[in-house]
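Visitor:
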Amino acid sequence: MKGKRARTARRVDERAAQKLIADRERLARLSPGGTPEHPIGVVSSAVIDGRATTMRCPLCDGHYRLRDHVSEGAGLRRLDLTCHDCGTPRSIWFRLGTTEPN
360 MKGKRARTAR RVDERAAQKL IADRERLARL SPGGTPEHPI GVVSSAVIDG RATTMRCPLC
420 DGHYRLRDHV SEGAGLRRLD LTCHDCGTPR SIWFRLGTTE PN
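With the working numbering applied, the sequence shown covers 360 to 461.
(1) Do residue 436 and residue 407 come within 8 Å of each other at the CB atom, strictly closer than that value?
(2) Buried or exposed, going by whether 16 or more other CB atoms sit within 10 Å of the CB of residue 401?
(3) Label residue 375 either buried or exposed according to how many other C-beta atoms from any shown protein chain fall within 10 Å of its C-beta, with 16 as the threshold for buried.
(4) From residue 419 to residue 444, what distance separates their C-alpha atoms?
(5) Under 8 Å between the Cβ atoms of residue 424 and residue 440?
(6) Going by Cα to Cα distance, which pick from 452, 384, 373, 392 is closest to residue 417?
(7) DSSP on residue 364, reduced to helix/strand/coil?
(8) Could you spell out the range, first to last residue, of the alpha helix (DSSP H) harbouring residue 467?
Right, dumping it as structure tokens:
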């Protein structure tokens with residue numbers, strides 16, 4: 360019996376890759392900073408840009424490029440980022456004034 364045809368094997372691989380990307384996206388949303396309900400706590404707005412630029416893309420492990428820094432109300436900040444390597448957009452949320460360790 361022969362193995363899978365090349366086209367069938369390619370489709371199986373593509374579906375597995377798409378599932379992995381969806382799982383990584385879901386994990387990124389559940390991580391701290393992934394939603395406004397679960398922001399990353401910081402003491403000062405001065406550390407937000409530095410924290411964001413050290414984060415890595417969950418899809419390709421690339422570096423982020425900052426597009427926008429928006430105040431979303433009392434102490435809540437949203438950073439709109441784009442991955443330098445794969446181009447995936449992402450928003451990271453921060454809460455100002457918490458006493459959590461860095």
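Don't be surprised by glycine CBs; every beta carbon is placed ideally from N, CA and C.
Guide: Answer, in terms of the structure:
(1) Yes, they are a contact pair.
(2) By the 10 Å Cβ count, residue 401 comes out buried.
(3) Residue 375 counts as exposed, since fewer than 16 other C-beta atoms from the protein chains shown sit within 10 angstroms of its C-beta.
(4) Those two C-alpha atoms are separated by around 7 Å.
(5) Yes, the Cβ-Cβ distance between residue 424 and residue 440 is below 8 Å.
(6) Among 452, 384, 373, 392, the Cα nearest to that of residue 417 is on 384.
(7) In this structure, residue 364 counts as coil in the three-state DSSP scheme.
(8) One cannot answer for residue 467 here, as it falls past the ends of the chain, which runs 360 to 461.
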